[in-house]
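In this text, residue positions in the first sequence follow the numbering used here: the first is 3, and each later residue adds one. All C-beta atoms in this analysis are idealised placements derived from N, C-alpha and C, irrespective of residue type, glycine included. Here the structure is a predicted model, which means the values were calculated and not measured.
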Amino acid sequence: MLIGTWNINSIKMRKDHVERFLQDKSIDLLALQETKVKTEEFPGFNFKKLGYEIYHQGGKGRNGVAILSRIKAERIIKGFEGLEEEENFPDVKERIVGIKINLENIDELWVFSVYIPNGNPVNSEYYFYKLQFLWKFREFLEKNFTKESLLIIMGDFNVAPEEIDVYEPEILKESICFTERERKSFFAFLEFGLIDTLRMKYPNKKGIFTWWDYQFSAFKKNQGMRLDHILITNPLKEKLKNIWVEKGPRGWEKPSDHAPVLAEFDL
DNA sequence: ATGACTGGAGTTTCCAGA
3 MLIGTWNINS
13 IKMRKDHVER
23 FLQDKSIDLL
33 ALQETKVKTE
43 EFPGFNFKKL
53 GYEIYHQGGK
63 GRNGVAILSR
73 IKAERIIKGF
83 EGLEEEENFP
93 DVKERIVGIK
103 INLENIDELW
113 VFSVYIPNGN
123 PVNSEYYFYK
133 LQFLWKFREF
143 LEKNFTKESL
153 LIIMGDFNVA
163 PEEIDVYEPE
173 ILKESICFTE
183 RERKSFFAFL
193 EFGLIDTLRM
203 KYPNKKGIFT
213 WWDYQFSAFK
223 KNQGMRLDHI
233 LITNPLKEKL
243 KNIWVEKGPR
253 GWEKPSDHAP
263 VLAEFDL
């Protein structure tokens, strides 16, 4: 099974890219972020034609998460569903969507598409909202699952966890997505029982990024950050065959500023 | 020359993204 995650920075602008990518790679399930359309306004017709079910939660002009899946969902979960204090996170339903699917050899696999708040500027109210959001997300997982559940949680976390995940740690150390507090919050989130698949496979490999600034010819110079992650629980560890960043679409005409991340599972 | 950002809202310019 081939799955992936991609922050597309507007589905209206990137519809053709997504279609092309799904077909080129023959993807079974793709998580999208920043669709930037209302829930009911997702342009789903073409994806349905290609054989995908669409599970989308959006907001007008911003945020928005979706899952395009060849396998039909048994259940859908949105935001911090069932959690008290969900109202303290008013945009969470535009940031988290999950589906439960059953496969031939596996029951109850949960897959999530998530878009963690950006948090800029550092130390602003929004920055602390981001940190709290990560903490609350872990609480949400603890309420609904255990570390033995079959979970794939993927999306744009807006955190580069380690120094090797940014092009120049010295320059970026006080910048959004790479501050000490964000990185600590990310690792605290992982402590629920999640594995960062890319680092599991390539613990020391440098220069692997998923986002490059539109400015400064950043992509050409490979000056990026690794902000998009595919996280899994322990029972899925042996099922993971490979994980990689598809840089191709970042070089297409009028690209998203993120590249997709793909993972192949023995499922 | 050492090098030009993008999308959305909404109305001409601002905000958010990372």
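Beta-carbon proximity of residue i to residue j, cut-off 9 Å
i: Ile234; j: Leu196; result: yes
i: Thr7; j: Gln35; result: yes
i: Asn146; j: Gly81; result: no
i: Asp167; j: Arg228; result: yes
i: Glu248; j: Phe49; result: no
i: Leu32; j: Ser71; result: yes
i: Phe188; j: Val161; result: yes
i: Arg201; j: Glu170; result: no
i: Ile103; j: Ile56; result: no
i: Ala265; j: Trp213; result: no
i: Leu111; j: Glu184; result: no
i: Glu76; j: Ile101; result: yes
i: Val113; j: Ile245; result: no
i: Asn11; j: Asp198; result: no
i: Ser28; j: Ile69; result: no
i: Asp230; j: Asn9; result: yes
i: Asn224; j: Lys149; result: no
Three-way DSSP call (helix, strand, coil) for residue i in this model
i: Ser115; result: strand
i: Leu24; result: helix
i: Val94; result: helix
i: Tyr57; result: strand
i: Ala220; result: coil
i: Trp8; result: strand
i: Arg252; result: helix
i: Asp167; result: helix
i: Lys149; result: coil
i: Leu242; result: strand
i: Asp18; result: helix
i: Lys102; result: strand
Whole-Å CB distance - residue i paired with residue j, under 8 Å assumed
i: Ile108; j: Asp158; result: About 26 Å separates the two Cβ atoms, so there is no contact after all.
i: Lys40; j: Lys62; result: 5 Å
i: Pro123; j: Tyr129; result: 7 Å
Segment limits, beta strand (DSSP E) that includes residue i
i: Leu196; result: Leu196 to Asp198
i: Arg77; result: Arg77 to Lys80
i: Gln2; result: An answer regarding residue 2 cannot be provided, because it is not within the stretch 3 to 269 covered by the chain.
i: Leu174; result: It is not in any beta strand (DSSP E) - Leu174 instead sits in the alpha helix (DSSP H) that spans Pro171 to Leu174.
i: Arg64; result: Arg64 to Ser71
i: Asp158; result: Leu152 to Asp158
i: Thr41; result: That residue, Thr41, is in no beta strand (DSSP E); it is neither H nor E in DSSP.
First through last residue of the alpha helix (DSSP H) which encompasses residue i
i: Glu266; result: Counting along the chain, Glu266 falls outside any alpha helix (DSSP H), though it belongs to the beta strand (DSSP E) covering Val263 to Phe267.
i: Asn146; result: Glu127 to Asn146
i: Asn48; result: Phe47 to Lys51
i: Lys186; result: Glu182 to Leu192
Count the CB pairs spanning the stretch 138-145 and the stretch 5-17 that are closer than 8 Å, and state whether there are at least three.
-> No: fewer than three Cβ pairs fall under 8 Å.
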